[in-house]
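Visitor:
Number of protein chains: 2
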Amino acid sequence: MPKVSPVLLDEQLCFSIYSASKKFNHFYQSALAPFGLTYPQYIAMLVLWEDAPLTVHQLGDRLELDSGTLTPLLKRLEKQGWVTRVRSRTDERQVLIHLTEMATAKRDEVYQRIGQCQTLLGMTNKEIDSMMTELVTVKEQLDHVSDNRLITKKVDDFD
Amino acid sequence: MPKVSPVLLDEQLCFSIYSASKKFNHFYQSALAPFGLTYPQYIAMLVLWEDAPLTVHQLGDRLELDSGTLTPLLKRLEKQGWVTRVRSRTDERQVLIHLTEMATAKRDEVYQRIGQCQTLLGMTNKEIDSMMTELVTVKEQLDHVSDNRLITKKVDDFD
DNA sequence: TTCCAGAGTATTGTATACAATTAAATTGCC
DNA sequence: GGCAATTTAATTGTATACAATACTCTGGAA
Chain A
1 MPKVSPVLLD EQLCFSIYSA SKKFNHFYQS ALAPFGLTYP QYIAMLVLWE
51 DAPLTVHQLG DRLELDSGTL TPLLKRLEKQ GWVTRVRSRT DERQVLIHLT
101 EMATAKRDEV YQRIGQCQTL LGMTNKEIDS MMTELVTVKE QLDHVSDNRL
151 ITKKVDDFD
Chain B
1 MPKVSPVLLD EQLCFSIYSA SKKFNHFYQS ALAPFGLTYP QYIAMLVLWE
51 DAPLTVHQLG DRLELDSGTL TPLLKRLEKQ GWVTRVRSRT DERQVLIHLT
101 EMATAKRDEV YQRIGQCQTL LGMTNKEIDS MMTELVTVKE QLDHVSDNRL
151 ITKKVDDFD
């Protein structure tokens, strides 16, 4: 039996990122409380403010989320008056997500609020860019590794 | 009305981290498929392998999770034979989480599998340390900001 | 034209997260 | 010793995530 080194939680990059992600989630939840948006709802709105209308599929591509997550999320956004969900007339399979007038009207207010709260973080653009660049590398590695045989082996292969 | 800059999803550090966190989750889910552990279950086991037995509260401190998340997670780990949940006799409020013999026996196998899969990521210790250091800074900022008045204002204050 | 493979969305089932509440046990304080 | 405040888990309710499945629609091939 080869010697195996212990895996310590506090040394794991995955946990640092997992923990940071949860803190960001909480941060935006608080920052957006005046608008009643959760973090995932907020990033969906960001994409729509850039590009609406979009199909569920297009939105999912940008957010890296599938219809299993988006359908209920979008129904909640619709109920709260941010978007409308309309079957495309040219292709009945698609559902187009449109912004409501309220969403368009509140866009700059949200942008401004986010800007204010982000200022509190006190990070320079340089620091942010540097982190994002490193994260891109990590994410690319994770995507590549997902195709590796060691990882894609089925459970049964191990028994 | 002051001019407001648009908030673009692809420029948001939060989304980079959110996305990376999901990819890590998927990576570990695959890597740990032979053991049937999810990522949150895995990090719970990591802490227990370091320090078992622990109370739910102590485990929650390490993982930054509360009993609302941990109670069902630990029940699933118990059903799958990794841990036992035992009321403390000295303080009946507490539930002690012990490792089973299976968990102790499989520890090195899991460590080894994780080691193999992490090698595929091809990151040097230096790169990992550097990222983790930056993440600590971000997380500290997020913690501080959470105490700020701008953030802690109640929804009603805005209406 | 009919049939069917594939695309797009919704649904189901399982597992997190977390705020808020509940319930039980313990501690402090008189 | 008695009781309010606190501590600890569990529970409840809401919102993600995502794999797997179901369902509908579309476009193309026979």
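Chains as they are written, first to last, in the numbering used here: chain A, 1 to 159; chain B, 1 to 159.
Idealized CB from N, CA, C, for every residue including glycine.
All figures in this text were calculated on a predicted structure; none of them were measured in a lab.
Mapping the DSSP letters down to three states, classify B/R174 as helix, strand or coil.
Guide: With chain B covering 1 to 159 only, the question about residue 174 of chain B has no answer from this structure.
Visitor: If I follow the unbroken beta strand (DSSP E) through A/V95, where does it start and stop?
Guide: Start and end: V95 to L99.
Visitor: Rounding to the nearest angstrom, what Cα-Cα distance links A/A31 and B/A20 in this structure?
Guide: When rounded, the distance between both Cα atoms is 22 Å.
Visitor: If contact is defined by three or more beta carbon pairs under 8 Å, each pair taking one atom from either stretch, is the region 43-59 of chain B in contact with the region 93-104 of chain B?
Guide: The region 93-104 of chain B, when compared against the region 43-59 of chain B, does touch it at the 8 Å Cβ threshold.
Visitor: Which whole-angstrom value is the C-beta distance of A/S5 and B/F27, which I expect to be below 8 Å?
Guide: At roughly 19 Å, the Cβ-Cβ gap does not stay under 8 Å, so A/S5 and B/F27 are not in contact.
Visitor: Against A/P53, what residues of chain B qualify as contacts under a CB-to-CB distance less than 8 Å, listed in chain order?
Guide: Residues of chain B passing the Cβ test: none, with the nearest at roughly 16 Å.
Visitor: Could you give the residue range of the alpha helix (DSSP H) that holds B/G36?
Guide: From DSSP, B/G36 is part of no alpha helix (DSSP H); its letter is neither H nor E.
Visitor: In whole angstroms, give me the CA-to-CA distance for B/V56 and A/A103.
Guide: Roughly 43 Å separates the two Cα atoms.
Visitor: What residue range does the alpha helix (DSSP H) around B/Q58 cover?
Guide: Counting along the chain, the alpha helix (DSSP H) containing B/Q58 begins and ends at V56 to L63.
Visitor: Is B/W49 helix, strand or coil by DSSP?
Guide: Reduced to three states, the DSSP call for B/W49 is helix.
Visitor: Could you name the residues of chain B that A/V7 contacts, counting a contact when the two beta carbons are closer than 7 Å?
Guide: Result: L46, Y111 and I114.
Visitor: Using the Cα positions of B/E127 and A/L73, report the straight-line distance between them to the nearest angstrom.
Guide: Approximately 36 Å between the Cα atoms of the pair.
Visitor: If you measure from the beta carbon of B/L78 to each beta carbon in chain A, is any gap under 8 Å?
Guide: It is Glu, not Leu, that sits at residue 78 of chain B in the sequence shown. No, its Cβ sits nowhere closer than 8 Å to a Cβ of chain A.
Visitor: What do you reckon, is the C-beta of B/A33 under 7 Å from a heavy atom of the ligand GTP?
Guide: This structure does not include the ligand GTP; it has no bound ligands of any sort.
Visitor: Is the beta carbon of A/N148 less than 8 Å from the beta carbon of B/L120?
Guide: Cβ atoms of A/N148 and B/L120: closer than 8 Å.
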